Amino acid sequence: MNPKSMERLFARFEAFRDKDPIGLLYAIWRSDIEPLSPAELPTTYKAFENQQPTFRFSPAKELNGLLIIRGDDPTVKRLMMATCKAASKELHDELCRCGFEPDAGIVEINWLWALIEAAGKGCLGCEGFVDGKAFYHSKIADLTVDEATILDDSLGWSMADFVPRKFMQFENIVESSISFIEYLKKELETPTPHSLPKRQQIDELLRGLYENDPTFCLKESLKIIAQRLNLQSEDTVSDCPFYEFYLKERRDTYTLQTKAQQQAASS
Numbered sequence: 003m004n005p006k007s008m009e010r011l012f013a014r015f016e017a018f019r020d021k022d023p024i025g026l027l028y029a030i031w032r033s034d035i036e037p038l039s040p041a042e043l044p045t046t047y048k049a050f051e052n053q054q055p056t057f058r059f060s061p062a063k064e065l066n067g068l069l070i071i072r073g074d075d076p077t078v079k080r081l082m083m084a085t086c087k088a089a090s091k092e093l094h095d096e097l098c099r100c101g102f103e104p105d106a107g108i109v110e111i112n113w114l115w116a117l118i119e120a121a122g123k124g125c126l127g128c129e130g131f132v133d134g135k136a137f138y139h140s141k142i143a144d145l146t147v148d149e150a151t152i153l154d155d156s157l158g159w160s161m162a163d164f165v166p167r168k169f170m171q172f173e174n175i176v177e178s179s180i181s182f183i184e185y186l187k188k189e190l191e192t193p194t195p196h197s198l199p200k201r202q203q204i205d206e207l208l209r210g211l212y213e214n215d216p217t218f219c220l221k222e223s224l225k226i227i228a229q230r231l232n233l234q235s236e237d238t239v240s241d242c243p244f245y246e247f248y249l250k251e252r253r254d255t256y257t258l259q260t261k262a263q264q265q266a267a268s269s
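Structural data, given as structure tokens:
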């Protein structure tokens, strides 16, 4: 661990605390659907329209992503992005040691991509995603609804009613970054009892299994999938980006379709 770099970057982020909040919107979707235009965001996220900088990147082979930074002062945003770029470079080894391997292809946003992964794993506490969830955009009305609500059978919705695109938002990446540095420091100070395969390797293993046997990956439990891949825990499957941002959605859709078919057959 490089404590001097951590202290220096912590102080750089802290210097923005007296400025207006700098928000971040992350959208992710399958590469086989229509790209998202930053000028056509759901009403919930209209504050992010016409904001700069905006970054497009591919977080995985099957996915496209969009990052939009929101703030009123372009100079402050430029300085913030310089700090994020420095964090990407100076804390690269620390991020990898803690299970984050950000490689968005754009060095300026590797830190932000790591923040997104950390929030998805619940590592940032109250400084994670707004409402702690990802949201989908309805095809029928201008609504954004979280996945748990969509999958609530009593409400009569299904994933088919929503665009297969997720939205996740940070209220203030300054506070999120400070929380993330504190998390990294705590993790690096705590010795790990054993090493797990790198997340990138697990990603490739799971992707390969899905390409060779998609039905198995859609219907079997995570425990069975982990055993098939010779992994120690089902958590190592659910934590990898390919599962979190691609396979999980397809598994949920498969489950709903199977339920509907069973109900139709029994009626």
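Residue numbers for the sequence shown follow our numbering, beginning at 3 and rising by one.
Note that CB positions come from ideal geometry on N, CA and C, so glycine has one too.
Keep in mind that this is a model prediction, so the values were computed, not measured.
On the three-pair Cβ rule with 8 Å, is the region 249-268 touching the region 69-79?
no
Can you list, in chain order, the stretches of the alpha helix (DSSP H) that have 4 or more residues and sit fully within the region 62-137?
76-92, 94-99, 109-122
Let me check understanding here. Comparing Cα to Cα, which of Phe50, Gln54, Ala17 lies closest to Met170?
Phe50
Continuous beta strand (DSSP E) assignments of at least 3 residues falling wholly in the region 8-36:
25-32
What does the alpha-carbon distance come out to for the pair Leu190 and Cys98?
11 Å
Our contact map puts Asn66 next to Ser60 with C-beta atoms below 8 Å; I'd like the distance itself, whole angstroms only.
6 Å
Does DSSP put Ser235 in a helix, a strand or coil?
coil
I'd like to check one pair, Leu233 with Ser181: are the Cβ atoms closer than 8 Å?
no
In angstroms with no decimal places, state the Cα-to-Cα distance between Ala162 and Leu11.
44 Å
What's the call for Cys128, buried or exposed, on a 16-neighbour Cβ count within 10 Å?
exposed
How far does the beta strand (DSSP E) with Thr146 in it reach, from first residue to last?
146-148
Which residue from Ile118, Asp237, Ala266, Trp159 puts its Cα closest to that of Tyr138?
Trp159
Among Ser178, Asp95, Tyr245, Lys225, which one has its Cα closest to the Cα of Glu64?
Tyr245
Own chain, CB closer than 8 Å to Lys141, minus 5 neighbours either side, in chain order
Asp163, Phe164, Val165
Nearest to Glu177 by CA position, among Leu208, Val132, Thr238, Leu207, is which residue?
Val132
For the putative contact between Lys87 and Ala136, defined by C-beta atoms under 8 Å, what is the C-beta separation to the nearest angstrom?
Contact flag wrong, Cβ pair sits at about 26 Å.
Among residues of its own chain, excluding the 5 on either side of Asp95, which ones have a beta-carbon nearer than 8 Å to its beta-carbon?
Asn4
Using DSSP with H/G/I as helix, E/B as strand and the rest coil, what is Gln171?
strand
Counted within 10 angstroms of its Cβ, other Cβ atoms place Ile183 as buried (16 or more) or exposed:
buried
Which residues does DSSP list as the beta-bridge partners of Thr2?
Absent from the model: residue 2. The displayed extent of the chain is 3 to 269, so no value can be given.
What are the boundary residues of the alpha helix (DSSP H) that includes Asp254?
250-268
When burial is assigned at 16 or more other CB atoms within 10 Å of the CB, is Phe218 buried or exposed?
exposed
Do you know how far the Cα of Gly130 is from the Cα of Ala120?
8 Å
Taking DSSP as the reference, what is the three-state secondary structure of Pro166?
strand
So who's on the other strand from Ser160, going by DSSP bridges?
Note: Ser160 sits in no beta bridge, so no partner.
I believe Asp241 touches Lys123 by the beta-carbon criterion, under 8 Å. Please report the beta-carbon distance rounded to the nearest angstrom.
6 Å
Would you mind giving the Cβ-Cβ distance between Pro243 and Ala62, rounded to the nearest angstrom? I have them listed as a contact below 8 Å.
6 Å
CA-to-CA distance, Leu153 to Val147, given in whole angstroms:
10 Å
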